[in-house]
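Peer 1: Chains A and B supply the protein sequences, listed in that same order. When we follow this note's numbering, the leftmost residue of the first sequence carries the number 539, and every step to the right adds one. When we follow this note's numbering, the leftmost residue of the second sequence carries the number 93, and every step to the right adds one.
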Amino acid sequence: GQQVMQIPQYQHVQEGEDFTTYCNSSTTLSNIQWYKQRPGGHPVFLIQLVKSGEVKKQKRLTFQFGEAKKNSSLHITATQTTDVGTYFCAGHFTGNQFYFGTGTSLTVIP
Amino acid sequence: DGGITQSPKYLFRKEGQNVTLSCEQNLNHDAMYWYRQDPGQGLRLIYYSQIVNDFQKGDIAEGYSVSREKKESFPLTVTSAQKNPTAFYLCASSSRTGGADTQYFGPGTRLTVL
Numbered sequence: 539g540q541q542v543m544q545i546p547q548y549q550h551v552q553e554g555e556d557f558t559t560y561c562n563s564s565t566t567l568s569n570i571q572w573y574k575q576r577p578g579g580h581p582v583f584l585i586q587l588v589k590s591g592e593v594k595k596q597k598r599l600t601f602q603f604g605e606a607k608k609n610s611s612l613h614i615t616a617t618q619t620t621d622v623g624t625y626f627c628a629g630h631f632t633g634n635q636f637y638f639g640t641g642t643s644l645t646v647i648p
Numbered sequence: 093d094g095g096i097t098q099s100p101k102y103l104f105r106k107e108g109q110n111v112t113l114s115c116e117q118n119l120n121h122d123a124m125y126w127y128r129q130d131p132g133q134g135l136r137l138i139y140y141s142q143i144v145n146d147f148q149k150g151d152i153a154e155g156y157s158v159s160r161e162k163k164e165s166f167p168l169t170v171t172s173a174q175k176n177p178t179a180f181y182l183c184a185s186s187s188r189t190g191g192a193d194t195q196y197f198g199p200g201t202r203l204t205v206l
């Protein structure tokens, strides 16, 4: 069935190190969205990718959508303590079906 | 965030009791959603509604019920049939824009069944 797999589940990094989380689907996505949930908070929309091979940047965050539109990544350069939280992808399929990935929980060690 | 309210923030209930979680939005969004989040897990869709007086089951609808009598409101009832109801419940809404719907989440209700 249509699912979105996300890895890793947890990531601990030293402050200043880079961080990447990946989402993969077995079937082609119409678009993919990324959300961030701070500890104790609720998910907040970060960005949406629609085009094959699309790359978008938000300051230290770089989002990529694969050429086949089956995978996506979020990369954070030089992590800061404010980056702590869980990052979710949400893959949208045709027919308005969508699935959230299981999330990657990021811990930044000062 | 912004325009979606959930109440209460924390809720305690005895086992066997039904409980209704409130979700209200003033964003004029057509679609509304209920998710359940367990520790270390992602968001699992319980129910969603794309229009007033219509709703669809999500992946884990058993033991839950909803209503959508008004555009602004989408309450979720956790019934006694739900075997493990203790969880963090998130409501979201979205505007239907070409099928690529950004979801706006409420602050959530943390339900504990004793």
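All residues carry an ideal CB built from backbone N, CA and C; glycine is no exception.
Quick check on residue 178 (chain B): does DSSP put it in helix, strand or coil?
Peer 2: Note: residue 178 (chain B) maps to coil in three-state DSSP.
Peer 1: Counting along the chain, where does the beta strand (DSSP E) carrying residue 116 (chain B) start and finish?
Peer 2: Residue 116 (chain B) -> beta strand (DSSP E) spans 111–117.
Peer 1: Give the DSSP bridge partners of residue 600 (chain A), in chain order.
Peer 2: DSSP, once it has assigned bridges, lists A:595 and A:613 as partnering residue 600 (chain A).
Peer 1: Once the 5 residues before and after residue 104 (chain B) are set aside, which same chain residues still bring their CB inside 7 Å of it?
Peer 2: Excluding positions up to five away in sequence, the list reads 204 and 206.
Peer 1: Name, going along the chain, the residues of the region 633–647 of chain A whose beta-carbon falls closer than 9 Å to a beta-carbon of chain B.
Peer 2: Flagged, chain order: 633, 634, 636, 637, 638, 639, 640, 641 and 643.
Peer 1: Helix, strand or coil: how does DSSP classify residue 621 (chain A) here?
Peer 2: Correct three-state label for residue 621 (chain A): helix.
Peer 1: Might you give, ordered along the chain, the residues of its own chain that have their beta carbon closer than 6 Å to the beta carbon of residue 609 (chain A), omitting 5 neighbours on each side?
Peer 2: Closer than 6 Å at Cβ, skipping near neighbours: 562.
Peer 1: Should the region 139–150 of chain B be regarded as contacting the region 96–110 of chain B, the criterion being three or more beta carbon pairs within less than 8 Å?
Peer 2: Touching, no.
Peer 1: Beta-carbon separation of residue 135 (chain B) and residue 129 (chain B) under 7 Å?
Peer 2: Yes, these two residues count as a Cβ contact at 7 Å.
Peer 1: Does the Cβ of residue 556 (chain A) have 16 or more other Cβ atoms within 10 Å, making it buried, or fewer, making it exposed?
Peer 2: Exposed is the call here.
Peer 1: Cα-Cα, which of B:187, B:186, B:131 and B:126 is closest to residue 112 (chain B)?
Peer 2: The candidate whose alpha carbon is nearest that of residue 112 (chain B) is B:126.
Peer 1: Pull up the CB-CB distance for residue 156 (chain B) and residue 171 (chain B), whole angstroms please, since I reckon it's below 8 Å.
Peer 2: Yes, residue 156 (chain B) and residue 171 (chain B) are in contact; Cβ-Cβ is about 7 Å, under 8 Å.
Peer 1: Just the C-alpha distance for residue 144 (chain B) and residue 132 (chain B), rounded to the nearest angstrom, thanks.
Peer 2: Going from the Cα of residue 144 (chain B) to the Cα of residue 132 (chain B) covers about 33 Å.
Peer 1: Which chain B residues sit within Cβ distance under 8 Å of residue 580 (chain A)?
Peer 2: Ordered by position in chain B, the residues that pass the 8 Å Cβ test against residue 580 (chain A) are 93, 182, 197, 198, 199 and 200.
Peer 1: Short of 6 Å in beta carbon distance, which residues of its chain neighbour residue 559 (chain A), apart from the five on each side in sequence? Order them along the chain.
Peer 2: 612, 625 and 642, listed in sequence order.
Peer 1: Just list the residues that DSSP pairs residue 184 (chain B) with in beta bridges.
Peer 2: The partner list for residue 184 (chain B) (beta bridge, DSSP) reads B:125 and B:197.
Peer 1: Span of the beta strand (DSSP E) holding residue 162 (chain B)?
Peer 2: Per DSSP, residue 162 (chain B) belongs to no beta strand (DSSP E) and is neither H nor E.
Peer 1: Could you have a look at residue 633 (chain A) and say whether DSSP puts it in helix, strand or coil?
Peer 2: Here residue 633 (chain A) sits in coil by DSSP.
Peer 1: Excluding sequence positions up to five away, which residues of its chain have a Cβ less than 8 Å from the Cβ of residue 616 (chain A)?
Peer 2: 554, 555, 556 and 598.
Peer 1: For the beta strand (DSSP E) containing residue 238 (chain B), name the first residue and the last one.
Peer 2: Here chain B covers residues 93 to 206 and nothing more, so residue 238 (chain B) does not appear.
Peer 1: Mind checking the region 158–179 of chain B against chain A and listing, in chain order, the residues whose C-beta falls within less than 9 Å of any C-beta there?
Peer 2: So the list is empty, because no residue satisfies the distance condition.
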